[in-house]
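Residue numbers (my numbering): 85 to 163. Step one of this worksheet: look at the structure below.
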């Protein structure tokens, strides 16, 4: 699931939920210059620690790693 909003000032906002760690998640629209993703994994009630790492990103998408392989929500804004 991904959503896209193009603002009148040229900024592109994309957000959604992605699953699957250590694979490339492409955006619906690639950024011309840059877009920096912010990630958050879903909470759990087992009170154990959890690691979420943004492995790499570029204008077209990102790769993350979550040791519990849970879905993450993301938002990315750029031009």
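Built from N, CA and C at the ideal position, the CB exists for glycine as well.
In the structure shown, residue 92 adopts coil according to DSSP, grouped into three states.
The region 141 to 160 and the region 106 to 126 touch, with three or more beta-carbon pairs separated by less than 8 Å. Residue 148 sits in a strand when the DSSP states are folded into three classes. Taking a contact as a CB-CB distance under 8 Å, the pair residue 104 and residue 87 does not count as one, their CB atoms being some 19 Å apart. Around the Cβ of residue 163, a 10 Å sphere holds fewer than 16 other Cβ atoms; the residue is exposed.
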